[in-house]
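Heads up: the structure comes next, in C-alpha cells.
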Amino acid sequence: MLSALLETIGTLGILISIAVKLGVALRAR
Numbered sequence: 000m001l002s003a004l005l006e007t008i009g010t011l012g013i014l015i016s017i018a019v020k021l022g023v024a025l026r027a028r
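Numbering that gives the first Met the number 0 applies: residue 0 is where the sequence shown begins, and numbers increase by one.
Rendered as C-alpha cells:
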C-alpha cells in the first residue's frame, strides 16, 4: 500500500517536472 502510494507520488512528481520544463520552454520563446 505504502510503496504503491510512493510510486504514484514519484510518477506524479516526474510528470509535474516535465510539465514545468515545458511551461518554461514555452515562456522562453
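Cβ coordinates follow ideal geometry from the N, Cα and C atoms, glycine included.
Exercise for the section: Have a look at residue 16 and residue 24 and give me their C-alpha separation to the nearest angstrom. Expected result: As a working note, residue 16 is residue 17 in the sequence shown. As a working note, residue 24 is residue 25 in the sequence shown. Between residue 16 and residue 24, the C-alpha separation is close to 12 Å.
Problem - Simplified DSSP assignment, three categories, for residue 26 - result: What you label residue 26 is simply residue 27 of the sequence shown in a count that begins at 1. Secondary structure at residue 26: helix, using DSSP grouped into helix, strand and coil.
Handout entry: Length of the line joining the Cα atoms of residue 2 and residue 14
Key = Taking the first residue of the sequence shown as 1, we reach residue 2 at position 3. Taking the first residue of the sequence shown as 1, we reach residue 14 at position 15. Distance between the alpha carbons of residue 2 and residue 14: 18 Å.
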